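Numbering (this note's numbering), first residue to last: 1 to 126.
The structure is reproduced here in structure tokens:
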């Protein structure tokens with residue numbers, strides 16, 4: 001679960017946890033993701049927080065490897081993250097649009113590319 005330190009990401013992580021799933025959650029902010037993990041589960045190892053900047057491809061690779069090392073495999077991938085700042089098209093700087101694109105679109109593509117081969121080989125996954 002990406003972008004899971006608050007809001008919809010944390011709510012989705014809570015729903016999966018409540019259904020009995022082992023949940024890996026990530027955020028760029030270590031303090032927030034650690035607090036989010038503790039709010040879901042108090043140190044049983046069922047919820048694991050990870051710090052990852054989804055705009056950095058190498059961090060995505062490291063995240064997937066760490067989650068697979070801990071949990072064995074990824075059965076469900078939920079991508080959730082912010083985007084460009086709110087505002088009209090003429091008030092948002094081009095660099096902010098690019099950051100939003102990399103954060104919302106390219107990170108999703110990179111995550112899917114890393115996770116789906118295992119799902120395909122098992123003929124299972126979401």
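Think of the CB as a built atom: it goes at the ideal place given N, C-alpha and C, for glycine as much as any other residue.
Note that the structure is predicted; figures quoted are calculated from it, not measured.
1. Whole angstroms is fine: what's the gap from residue 27's alpha carbon to residue 66's?
2. Suppose only complete runs of 4+ residues qualify. What are the alpha helix (DSSP H) ranges in the region 26-85, listed by chain order?
3. Can you tell me whether residue 5 is buried or exposed, with buried defined as 16 or more other CB within 10 angstroms of its CB?
4. Does the region 18-32 come close enough to the region 48-58 that 3 or more CB-CB pairs lie under 8 angstroms?
5. Keeping to the same chain, check which residues put their C-beta closer than 7 angstroms to that of residue 85; ignore five residues upstream and five downstream.
6. Residues in its own chain within less than 6 angstroms of residue 76 by CB, not counting five upstream and five downstream?
7. Helix or strand or just coil, what does DSSP make of residue 4?
8. With DSSP as the reference, identify every bridge partner of residue 24, one or two as the case may be.
9. Identify which residue in 108, 13, 59, 61 has its Cα closest to the Cα of residue 38.
10. Excluding the 5 residues preceding and the 5 following residue 61 in the sequence, name in chain order all residues of the same chain whose CB lies nearer than 7 angstroms to its CB.
11. Closer than 8 angstroms by C-beta to residue 17: which residues in its own chain qualify, once you throw out the five before and the five after it? Chain order, please.
For this structure:
1. One-based indexing of the chain shown puts residue 27 at position 27. One-based indexing of the chain shown puts residue 66 at position 66. Their backbone Cα atoms lie some 14 angstroms apart in a straight line.
2. 30-40, 57-71
3. Working through the chain shown from its first residue, we reach residue 5 at position 5. Classification of residue 5: buried, given that the 10 Å Cβ count is 16 or more.
4. yes
5. The residue you call residue 85 lines up with position 85 of the chain shown. Cβ neighbours of residue 85 beyond the five flanking positions: 92, 96.
6. Taking the chain shown and counting its residues from 1, one reaches residue 76 at position 76. Same-chain partners within the cutoff: 126.
7. The residue you call residue 4 lines up with position 4 of the chain shown. Three-state DSSP puts residue 4 in coil, outside helix and strand.
8. Sequence index remark: in the chain shown, residue 24 carries index 24 (1-based). Answer is 48.
9. As a working mapping, residue 38 is identified with position 38 in the chain shown. Comparing Cα positions, the closest option is 13.
10. Along the chain shown, one-based indexing puts residue 61 at 61. Closer than 7 angstroms at Cβ, skipping near neighbours: 114.
11. Mapped onto the chain shown, residue 17 falls at position 17. The answer, listed in chain order, is 23, 40, 41, 46, 47.
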